[in-house]
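Taken in order, these protein sequences are the chains called L and B.
Each residue of the first sequence is one higher than the one before, counting from 1 in our numbering.
Each residue of the second sequence is one higher than the one before, counting from 227 in our numbering.
Glycine residues also receive a C-beta, built at the ideal position from the N, C-alpha and C atoms.
Okay, so here's the structure we're looking at.
Protein chains: 2
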Amino acid sequence: MRSSDVSAGLAEGAGQAAAERIRDAAILRYGRDGFAVGLRAVGADAGVTAGLVLHYFGSKEGLRRACDAYVLSVIRSEKLKATTGGPAVVIAQLAEVEEYAPIALYALRSLQAGGELAIEFMEQMCADALEYLEAGVAQGLLKPSRDPVARARYLATQAMGSLLLWVSLHPEFHEIDDFRKELRQLWDEIALPALELFSEGLFVDRTMLDEYLMYVCDPPAGDAKP
Amino acid sequence: MRSSDVSAGLAEGAGQAAAERIRDAAILRYGRDGFAVGLRAVGADAGVTAGLVLHYFGSKEGLRRACDAYVLSVIRSEKLKATTGGPAVVIAQLAEVEEYAPIALYALRSLQAGGELAIEFMEQMCADALEYLEAGVAQGLLKPSRDPVARARYLATQAMGSLLLWVSLHPEFHEIDDFRKELRQLWDEIALPALELFSEGLFVDRTMLDEYLMYVCDPPAGDAKP
DNA sequence: CGGGGCGTTGAACGTGCGTTTAGGCTTTGA
DNA sequence: TCAAAGCCTAAACGCACGTTCAACGCCCCG
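Listed below in structure tokens is the structure:
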């Protein structure tokens with residue numbers, strides 16, 4: 001198994017190869033089966049014992065943090081910003097690259113479990129989405145929003161959330177190829193309604209929006225606007 | 227604590243009250259802390275020991291099934307279909323009713339964990355969404371879709387998925403009121419971009435949609451249309 | 001009054017977890 | 001050649017879990 005060049009906070013010793021092997025095996029296992037799997041199983045995947053895992057990473061949480069840091073560094077370093085699609089496309093695009101599919105799966109699993117990486121990950125997704133959207137607006141492809149940041153957060157949350165839900169509903173991927181295959185299938189199911197919604201909207205008129213705008217400018221009762 | 231009338235597959239004996247108490251406590255606990263909590267903690271919340279929990283429900287999975295069945299029966303029996311909003315509104319609406327807030331939280335937690343209830347739950351959500359949408363189309367409020375079923379699935383998945391992601395990112399609700407409060411906050415954040423998207427769309431023109439429609443009618447290579 | 005069923009407990013068992021620790025094995029340097 | 005340093009293993013510990021089981025109180029029925 002070819003391991004990546006990025007070290008991402010790993011100790012620079014002779015056992016670095018083993019540590020990387022453990023970390024890669026953990027990303028693969030955690031992504032496939034969730035974070036409930038034991039250290040013995042992770043170690044077995046890497047061809048070592050549980051003791052060695054703890055020797056390098058201190059604790060199970062330490063291993064988790066190392067995986068998080070590595071995954072985040074890959075997502076950050078890979079120039080995924082070059083895409084023209086939304087934030088969910090990042091995951092799909094990541095999964096299409098053979099080597100990075102486990103990382104995409106791990107990221108989703110991490111989002112499912114919550115924690116620090118999940119929050120940081122979503123914040124980056126929102127920031128990237130804002131960038132895409134503003135670029136699209138500047139190019140005249142996308143309509144401007146009254147609150148671009150909120151719109152970016154909304155679209156990123158919707159996209160990643162639906163991906164997350166889909167992972168939860170398809171609990172086990174026994175092969176990493178299944179992940180890619182089912183992801184493409186999901187994409188096919190989504191494409192038409194998404195394009196419809198983005199191109200034509202859903203409501204036939206703007207009364208709902210206008211009523212809301214009236215409401216936020218002049219709430220019926222309570223605190224005055226500063 | 228007042229317990230509901232719905233029995234949903236519980237044994238009709240003298241110990242029914244205790245079984246209901248255990249089941250309600252389990253729904254509350256599982257919803258708040260996830261399904262990793264032990265039977266002793268659930269039992270303690272209900273004022274009984276772990277042994278009695280297993281006496282009534284056979285195993286931990288049996289308790290989980292009983293909770294699932296009850297939650298699904300409540301969601302089904304309550305006339306939540308009367309809402310005019312989307313499928314995510316069901317959860318929000320459910321959470322607004324004091325008594326049903328734990329049930330809404332449990333449903334989300336179940337969606338997070340996957341399994342049978344999760345799939346059944348989503349299928350019902352999609353079916354309900356289709357009903358709402360078609361009603362809206364019939365009333366002339368919503369635009370018709372080229373594939374109404376796919377659109378319903380898409381919107382339901384997006385809505386529930388974003389809710390699920392939000393729960394994952396806010397890992398612990400120590401009070402059930404926090405859940406309601408944060409849910410309203412989420413609603414406020416979402417309202418404007420959602421209404422914008424639904425009213426005005428995102429793309430300035432239809433080229434993306436038209437290109438996709440051209441593509442699906444005449445794919446560049448491979449299988450012919452039947 | 002007596003006994004049998006029911007609801008309930010508390011202790012025990014086996015298992016698997018994360019973690020610790022002692023000690024081999026291999027490599028390296030003087 | 002010997003010793004030190006590192007990598008790595010295997011066994012064990014404590015713990016919490018789900019689960020089992022024998023026994024205890026209690027109420028109802030005969």
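Does DSSP classify L:Leu192 as helix, strand or coil? L:Leu192 falls in the helix class under three-state DSSP.
Restricting to Cα atoms, I'd like to know which of L:Gly34, L:Asp45 and L:Ala152 is closest to L:Ala127. L:Ala152
When the distance is taken between beta carbons, is L:Leu164 closer than 9 angstroms to B:Leu391? yes
Are any of the Cβ atoms in chain L nearer than 9 angstroms to that of B:Gln411? no
I'd like to check one pair, B:Gly269 with B:Ala262: are the Cβ atoms closer than 9 angstroms? no
Quick check: the Cα distance between L:Gln16 and L:Ala25, rounded to an integer number of angstroms? 14 angstroms
Taking the Cβ atom as the reference point for each residue, do L:Val167 and L:Leu117 lie within a distance shorter than 9 angstroms? No, the Cβ-Cβ distance between L:Val167 and L:Leu117 is not below 9 angstroms.
Scan the stretch 25-50 of chain L for residues whose Cβ lies nearer than 9 angstroms to a Cβ of chain B and list them as they occur along the chain. Ala36
Confirm, please, whether the CB-CB distance from B:Leu254 to B:Pro328 is below 9 angstroms. yes
Under the three-state DSSP convention, the category B:Phe347 falls into: helix
Closer than 9 angstroms, Cβ to Cβ, to anything on chain B: give me those residues from the stretch 160-171 of chain L, in chain order. Met160, Gly161, Ser162, Leu163, Leu164, Leu165, Trp166, Val167, Ser168, Leu169, His170 and Pro171
Just to make sure I have the definition right: I need the residues of chain B whose C-beta is within less than 8 angstroms of the C-beta of L:Gly201. Which are they? Within 8 angstroms Cβ-Cβ: Lys369, Leu423, Phe424, Ser425, Glu426 and Gly427.
State the start and end residues of the unbroken alpha helix (DSSP H) segment that holds L:Phe230. As displayed, chain L neither begins before 1 nor continues past 226, which places residue 230 of chain L out of reach and without an answer.
Quick check on this structure: which residue in B:Leu334, B:Ala355 and B:Glu408 has the alpha carbon closest to the alpha carbon of B:Gly196? Any answer about residue 196 of chain B is impossible in this case: the structure gives chain B only from 227 up to 452.
Got a sec: is the Cβ-Cβ distance from L:Pro193 to anything in chain B below 9 angstroms? yes
B:Phe399 by DSSP, collapsed to three states: which one? coil
If contacts are defined as beta-carbon pairs under 8 angstroms, then L:Pro144 and B:Ser371 qualify, I think. What distance do you get, rounded to the angstrom? Between B:Ser371 and L:Pro144 the Cβ distance is about 26 angstroms, and since that is not below 8 angstroms, they are no contact.
Interface partners of L:Met125 on chain B, CB under 8 angstroms: Within chain B, no residue comes near L:Met125; the closest Cβ sits about 10 angstroms away, beyond 8 angstroms.
Return helix, strand or coil for L:Phe203, following the three-state DSSP convention. strand
At least one CB of chain B closer than 9 angstroms to the CB of L:Gln16: is that the case? no
Check whether chain L comes within 9 angstroms of B:Leu381, counting only Cβ atoms and requiring the distance to be less than that. yes
Spatial neighbours of L:Glu134 within its chain, please: C-beta separation below 7 angstroms, excluding the five flanking residues on both sides. Pro148
Start and end residues, alpha helix (DSSP H) containing B:Gly257: Gln242 to Asp259
Have a look at the DSSP bridge pairing and note the partners of B:Leu331. B:Leu331 has no beta-bridge partner at all, per DSSP.
Counting C-beta neighbours from all protein chains within 10 Å, is the total for L:Ala150 16 or more, i.e. buried, or is it exposed? buried
Should B:Gly340 be flagged as near chain L, meaning a C-beta pair shorter than 9 angstroms? yes
In the DSSP assignment, the alpha helix (DSSP H) including L:Arg146 goes from what residue to what residue? From DSSP, L:Arg146 is part of no alpha helix (DSSP H); its letter is neither H nor E.
Which stretch, first to last residue, makes up the alpha helix (DSSP H) that contains L:Gly62? Lys60 to Ser77
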